[in-house]
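Colleague:
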Amino acid sequence: MRRPILTVFYQFDPWSNSLGGIQTIIRSFVKYAPDTFEIRLVGTQVEERIQPGQWQERELAGRKIQFMPLFTQPQENRKSLIPDSVRYTAGLLRQCLASDFMHFHRLEPTLATRNWVGDKTLFIHNDIQQQVQSSDRKGSILWQYLPAAYFAIERQVVSQFTEILSCNTASATFYKQRYPACADRVRYLRNTVDDDVFFPLSPGEREHARQEFARSQKLDSKTRFVLFAGRLHPQKDPLLLVRAIAALDDPTTHLLIAGEGDLADAIRSEIAQLELDDRVTLLGALPQSEMAKLQRLVSVFVLSSAYEGLPVTVLEALASGTPVVTTRCGETPNLLDRQSGVVCDDRTAAGLAAAIQQVLASPDFPSQACVDCAEPYRARTVVKSICDGMMQRWNQQQPPA
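Start counting at 1 in the sequence shown, then tack on 3, and there's your number in this note's numbering.
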């Protein structure tokens, strides 16, 4: 029997340092999917290594895959005149890339796939209702200006999916209620963390790593680090966190910001205006291995977002033994307990500063409690459950021997 082909569709370059939960989830899926599947990935590229629209065999996460870029995009996580999702969808309209299984991580490309034959899964990575209908449109996504158009497209494409999987319980409930004919195909799915990469150090090793990193940054060896990792985008609201560090007014606390995006210049301006040059460091986009080192040595990871699904960076922090401070958004407040983090209900600089201080001042956030919180989200376990379901459907479709 031939191996079934799984094609993953998402607008990113798998070999770039682009930070993003969807990118990380796709890489983990490729890594942990069983060899019973042949994997193809249709993405983009930051450098023109391959002729767009052509397949090439590449290695990703230790596995050989077929990769096709639809276009070259030198700057990921930056806005362009024509949104990448539009360019990506247009690229799919020009050809048929149907396969046995197809995974989609955005809705728009599925406009091009309605007539493609195969088992299709839509992954939902945010609280869609809150994301599209948000009243804060500063730096917003296109669909916040055209929510009716988004939901009209959704109605046109939703019936084609075999499964609709959401990492956000509110979003899963929303889809079940909005599309009762598809309700039995919608379910909550845990996001994933690769615990081969993100794991805790012993207390002594963690302290040594923190001191060594402080010295490498020419900071006092007693410096404690607060970490932000993600796109520099209004959804993630890193500016709120910068203002919280100013409100914290603690010279021994240093904010590390890992990521790139449209708000980079605004963040630099805010740092200068608040005179925080010696208390905030912009690291840019980092490879996963460097992110893992940071997650193991920082004192707290902070999620300052306006809305979310379940950020992979939160799971990576917890798996590394690091407590989390989060605004009340997405699935993270449902995940944390009293020993693994703090939920900040007051989404202001002062409120977030108080939550960060609560973690920094308390010994009540043991590393093992954080690791235990992340345990159900181990990538190998979650990916296996998805693939087991896919293989069951595949075997049911095969003619009897």
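Note that the Cβ used here is the ideal one computed from N, Cα and C, for glycine as well.
Source: prediction; values computed, not measured.
Going straight from the alpha carbon of MET394 to that of LEU258, what length do you get?
Modeller: As a working mapping, residue 394 is identified with position 391 in the sequence shown. As a working mapping, residue 258 is identified with position 255 in the sequence shown. Taking the straight line joining both Cα atoms gives about 45 Å.
Colleague: I want to know whether the stretch 157 to 164 touches the stretch 345 to 353 - three or more CB-CB distances under 8 Å.
Modeller: Segments in contact, no.
Colleague: Short of 7 Å in beta carbon distance, which residues of its chain neighbour TRP286, apart from the five on each side in sequence? Order them along the chain.
Modeller: The count along the sequence shown starts at 1 and reaches residue 286 at position 283. Residue 286 is actually Leu in this sequence, not Trp. Cβ within range, chain order: LEU259, ILE260 and ALA261.
Colleague: Using the Cβ count rule (16 or more neighbours within 10 Å means buried), how would you classify HIS211?
Modeller: Start at 1 with the first residue of the sequence shown, and residue 211 comes out as number 208. So HIS211 counts as exposed.
Colleague: Give a yes or no on whether the C-beta atoms belonging to LEU321 and ALA377 are separated by under 8 Å.
Modeller: By 1-based counting over the sequence shown, the position of residue 321 is 318. By 1-based counting over the sequence shown, the position of residue 377 is 374. Going by C-beta atoms, LEU321 is nearer than 8 Å to ALA377.
Colleague: Pick helix, strand or coil for ARG140, following the three-state DSSP scheme.
Modeller: Taking the first residue of the sequence shown as position 1, residue 140 is located at position 137. Its pLDDT being 46, under 50, ARG140 is placed unreliably in this model, and the value from its coordinates should be taken loosely. Reduced to three states, the DSSP call for ARG140 is coil.
Colleague: Tell me, to the nearest whole angstrom, how far the beta carbon of LEU355 is from that of ALA247; I am working on the premise that it is less than 8 Å.
Modeller: Translated into the one-based positions of the sequence shown, residue 355 becomes position 352. Translated into the one-based positions of the sequence shown, residue 247 becomes position 244. Rounded, the Cβ-Cβ distance is 4 Å, consistent with contact.
Colleague: Got a sec, what are the start and stop residues for the beta strand (DSSP E) ILE389 sits in?
Modeller: Within the sequence shown, residue 389 is the residue found at index 386, counting from 1. Taken as a continuous stretch (DSSP letters only), ILE389 belongs to no beta strand (DSSP E), being part of the alpha helix (DSSP H) at 382 to 400.
Colleague: Can you tell me whether DSSP reads CYS99 as helix, strand or coil?
Modeller: As a working note, residue 99 is residue 96 in the sequence shown. Reduced to three states, the DSSP call for CYS99 is coil.
Colleague: Quick check on the DSSP output: the beta strand (DSSP E) that includes ALA64 runs from which residue to which?
Modeller: Translated into positions along the sequence shown, residue 64 becomes position 61. Where ALA64 is concerned, there is no enclosing beta strand (DSSP E), given that its DSSP letter is neither H nor E.
Colleague: Determine the DSSP secondary structure at MET294, reduced to helix, strand or coil.
Modeller: Start at 1 with the first residue of the sequence shown, and residue 294 comes out as number 291. If DSSP states are grouped into helix, strand and coil, MET294 belongs with the helices.
Colleague: Assuming the contact rule is C-beta atoms closer than 8 Å, PRO203 and ARG299 should be a hit. Round their C-beta distance to whole Å, please.
Modeller: The sequence position of residue 203 within the sequence shown is 200, counting from 1. The sequence position of residue 299 within the sequence shown is 296, counting from 1. Rounded, the Cβ-Cβ distance is 7 Å, consistent with contact.
Colleague: For the beta strand (DSSP E) containing CYS347, name the first residue and the last one.
Modeller: Taking the first residue of the sequence shown as position 1, residue 347 is located at position 344. 344 to 347 is the span of the beta strand (DSSP E), which, as asked, contains CYS347.
Colleague: Identify, in the order they occur along the chain, each residue of the same chain with its Cβ nearer than 6 Å to the Cβ of PRO290, setting aside the five sequence neighbours on each side.
Modeller: Stepping through the sequence shown from its first residue, residue 290 is reached at position 287. Result list for PRO290: ASN20, in chain order.
Colleague: Between which two residues does the beta strand (DSSP E) containing GLU263 stretch?
Modeller: As a working mapping, residue 263 is identified with position 260 in the sequence shown. Looking at the DSSP string, GLU263 is not in any beta strand (DSSP E), and its letter there is neither H nor E.
Colleague: Return helix, strand or coil for PRO17, following the three-state DSSP convention.
Modeller: Numbered from its first residue, the sequence shown carries residue 17 at position 14. The answer is coil: DSSP assigns PRO17 none of H, G, I, E or B.
Colleague: Just to confirm the assignment: which complete alpha helix (DSSP H) runs, minimum length 4, are found wholly within the stretch 307 to 375?
Modeller: Qualifying alpha helix (DSSP H) stretches, in chain order: 315 to 322, 335 to 338 and 352 to 363.
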